[in-house]
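Note sheet for the following structure.
Numbering (my numbering), first residue to last: 19 to 296.
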């Protein structure tokens, strides 16, 4: 299973000017027109216009990342890129030296980065990767109003994780809990093996009341993101968490589907329970 070796994060990078070229506006009209929507030029003009490329330029230059030289690059995002027809995974590959297998995971909502972790794990099991990077990107400039973004104050953000096969906290399991079931029972199972050594990290969309009183320490992510919340927290705090906890459980609920997605990270010597993919 993948191990975390380095990470970088960015939130609310500098804004860029609005591109009001006829070609871009025409593309947006063609994109939203079949759904009976109109391009909201006022909304576009007031937006930050941060591209996935801009996020990657900042993320890839961080210490521990820029010289990592991956053999696998995976880019996950839940919202579309600002720039149409841009292949962003090859761009990240170029920034990090070139020559990797690279692809994107999208149209899965908040599940995308969890699916990407499963993919990295599969490449490792097949001995097709030893050094991978996973980028989780979120840009908020859209051509028409989207309540998930505009009613919740989402900001542009991104995370880049450098993943190896040893030497750091190990991704011991990735799983999904269906909305009809709810995550509380599964979280109790995951923390029961070592409640004192487990940290539960809940994303901004988790219904905390439905979880009851967690048996372990809990870190709640701030609102303002859709798919990057728990990954931002991981990128910022993973070294401190590794020193203080043998197990970290990342947990977030997609507000659109109601499904909850979990990723379990264990440091050396942590309990082995829950090491599976679902």
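Cβ coordinates follow ideal geometry from the N, Cα and C atoms, glycine included.
Model, not experiment: these values are computed from the prediction.
- Residue 72 places its beta carbon 8 angstroms or farther from that of residue 98.
- The beta carbon of residue 108 sits closer than 7 angstroms to the beta carbons of 120 from its chain, once the five residues preceding and following it are set aside; these are given in chain order.
- CA-to-CA, the gap between residue 160 and residue 56 works out to about 12 angstroms.
- Between the alpha carbons of residue 103 and residue 82 lies a distance of about 30 angstroms.
- In the assembly as shown, residue 131 is a buried residue. Its beta-carbon has 16 or more other beta-carbons within 10 Å.
- Beta-bridge annotation (DSSP): residue 270 is paired with 279.
- Check the Cα spacing between residue 223 and each of 210, 217, 270: the tightest is with 270.
- In this structure, the alpha-carbon of residue 232 lies about 26 angstroms from that of residue 136.
- For residue 150, the CB contacts under 6 angstroms within the same chain, skipping 5 residues up- and downstream, are 88, 90, 138, 181 in chain order.
- Residue 157 and residue 68 do touch by the CB rule: their CB atoms are close to 5 angstroms apart, below 8 angstroms.
- Annotation: residue 275 to residue 197 spans about 7 angstroms, alpha carbon to alpha carbon.
- When C-beta atoms of the stretch 211–223 are compared with those of the stretch 254–266, three or more pairs fall below 8 angstroms, so the two segments count as touching.
- Taking C-alpha positions only, residue 34 is separated from residue 52 by approximately 28 angstroms.
- Just so you know, the alpha carbons of residue 37 and residue 66 end up roughly 11 angstroms apart.
- Here residue 243 really is in contact with residue 172; their C-beta atoms are around 6 angstroms apart, less than 8 angstroms.
- Under the DSSP definition of a beta bridge, residue 159 lacks any partner.
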